[in-house]
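> I have a structure I would like to understand better, so I am pasting it below and will then ask my questions one at a time.
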Amino acid sequence: MQIPNFGTEIDDQATRAQQAAPTWMPLELIAYKGLTDNQSDVTPRLIGWRKEQDASGLVPGGFLVSLAWEEVPGTHLGDQLGSDAFWNLDEDERNRVRDAFKVTLHKIERMGYKPLFASTRNLVWDPTSNTLFVVGFREWGYVDPTPWMELKFALFGLVKMPSISNLSEWDGDTSGWVF
Numbered sequence: 011m012q013i014p015n016f017g018t019e020i021d022d023q024a025t026r027a028q029q030a031a032p033t034w035m036p037l038e039l040i041a042y043k044g045l046t047d048n049q050s051d052v053t054p055r056l057i058g059w060r061k062e063q064d065a066s067g068l069v070p071g072g073f074l075v076s077l078a079w080e081e082v083p084g085t086h087l088g089d090q091l092g093s094d095a096f097w098n099l100d101e102d103e104r105n106r107v108r109d110a111f112k113v114t115l116h117k118i119e120r121m122g123y124k125p126l127f128a129s130t131r132n133l134v135w136d137p138t139s140n141t142l143f144v145v146g147f148r149e150w151g152y153v154d155p156t157p158w159m160e161l162k163f164a165l166f167g168l169v170k171m172p173s174i175s176n177l178s179e180w181d182g183d184t185s186g187w188v189f
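At the far end of the sequence shown sits residue 189, using my numbering, and the numbering has no gaps.
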């Protein structure tokens, strides 16, 4: 949300309206708009958004971005504290999640999106439909689809792998991983 310049907070609306900056679109809105336009069935659907303050706003005509997206069914597989929800699932269920993850990530990449700094907190598992949703696109990048590699599991916290200082050093060996 755009706020008035320092010292003009109590000035009249017309004065504050002169400060209005062009509309700003956060990355999250760009991603959800694109995913919704592409009819993604593995991400929340964007229901609506607002980009501009009305005449009663702090800076009339200034930017104010608010988003509303649908709530997807299922359970978050992690949070800011870790991936306990995922690792508390039985092994068969974790394997079902990983199978769904391959499908989900491929669909998102085909639409040109890749969540950055992702983890299990960005994953919502619906065991009824065997659907894995990706949520939280505050940080993302455009991407061309990439070939599948098991390392993608590690990037989202769906496997435990031995520590390596640089992921580019990974040699493809998964024998030390915990699935």
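No residue lacks a Cβ here, since even glycine has one placed at the ideal position from N, Cα and C.
#1: Among residues of its own chain, excluding the 5 on either side of L165, which ones have a beta-carbon nearer than 7 Å to its beta-carbon?
#2: Alpha carbon to alpha carbon, how far is R148 from Q28? Give it in angstroms, no decimals.
#3: Are G1 and T130 closer than 8 Å when you measure CB to CB?
#4: How long is the line joining the alpha carbons of P125 and V69, rounded to whole angstroms?
#5: Enumerate, from N- to C-terminal direction, the unbroken alpha helix (DSSP H) stretches of 4 or more residues contained entirely within the segment 98-143.
#6: List the residues that DSSP assigns as beta-bridge partners of A78.
#7: Between S93 and V144, what straight-line distance do the alpha-carbon atoms span, to the nearest angstrom?
#8: For W158, which of N176, L77, G182 and D51 has the nearest alpha-carbon?
#9: Taking 6 Å as the limit between beta carbons, can you name the residues of its chain near P172, skipping five residues before and five after?
#10: Which first and last residues belong to the alpha helix (DSSP H) in which G44 is found?
#11: According to DSSP, is F166 helix, strand or coil?
#12: Taking only three categories from DSSP, how would you classify T85?
#13: Going by C-alpha to C-alpha distance, which of I57, T25, H116 and L74 sits closest to T33?
#14: Rounded to whole angstroms, what's the CA-CA distance from S139 to E19? Just pull it up for me.
#15: Should V113 go down as buried or exposed, given a rule of 16 or more other Cβ atoms within 10 Å for buried?
Reading it off the structure:
#1: The residue you call residue 165 lines up with position 155 of the sequence shown. Here the set comprises A128.
#2: Walking along the sequence shown from the start, residue 28 turns up at place 18. Walking along the sequence shown from the start, residue 148 turns up at place 138. Approximately 30 Å, taken between the alpha carbons.
#3: Nothing can be reported for residue 1, as the shown portion of the chain is limited to 11 through 189.
#4: In the sequence shown, counting from the first residue as 1, residue 125 sits at position 115. In the sequence shown, counting from the first residue as 1, residue 69 sits at position 59. Approximately 32 Å between the Cα atoms of the pair.
#5: Correct list: 101-120.
#6: For the purposes of this step, residue 78 is identified with residue 68 of the sequence shown, where counting begins at 1. For A78, which the question treats as bridged, DSSP gives the partners G58.
#7: By one-based count along the sequence shown, residue 93 stands at place 83. By one-based count along the sequence shown, residue 144 stands at place 134. Rounded to the nearest angstrom, the two C-alpha atoms are 15 Å apart.
#8: The count along the sequence shown starts at 1 and reaches residue 158 at position 148. Minimum Cα distance to W158 is reached at G182.
#9: The residue you call residue 172 lines up with position 162 of the sequence shown. Only G186 meet the Cβ criterion.
#10: What you label residue 44 is simply residue 34 of the sequence shown in a count that begins at 1. Element bounds for G44: L37 to D47.
#11: Locating residue 166 in the sequence shown gives position 156, where the first residue counts as 1. Note: F166 maps to coil in three-state DSSP.
#12: As a working mapping, residue 85 is identified with position 75 in the sequence shown. It is a strand residue.
#13: Numbered from its first residue, the sequence shown carries residue 33 at position 23. Closest by alpha carbon: L74.
#14: As a working note, residue 139 is residue 129 in the sequence shown. As a working note, residue 19 is residue 9 in the sequence shown. Approximately 51 Å, taken between the alpha carbons.
#15: The residue given as residue 113 occupies position 103 in the sequence shown. Exposed, because fewer than 16 other Cβ atoms sit within 10 Å of the Cβ of V113.
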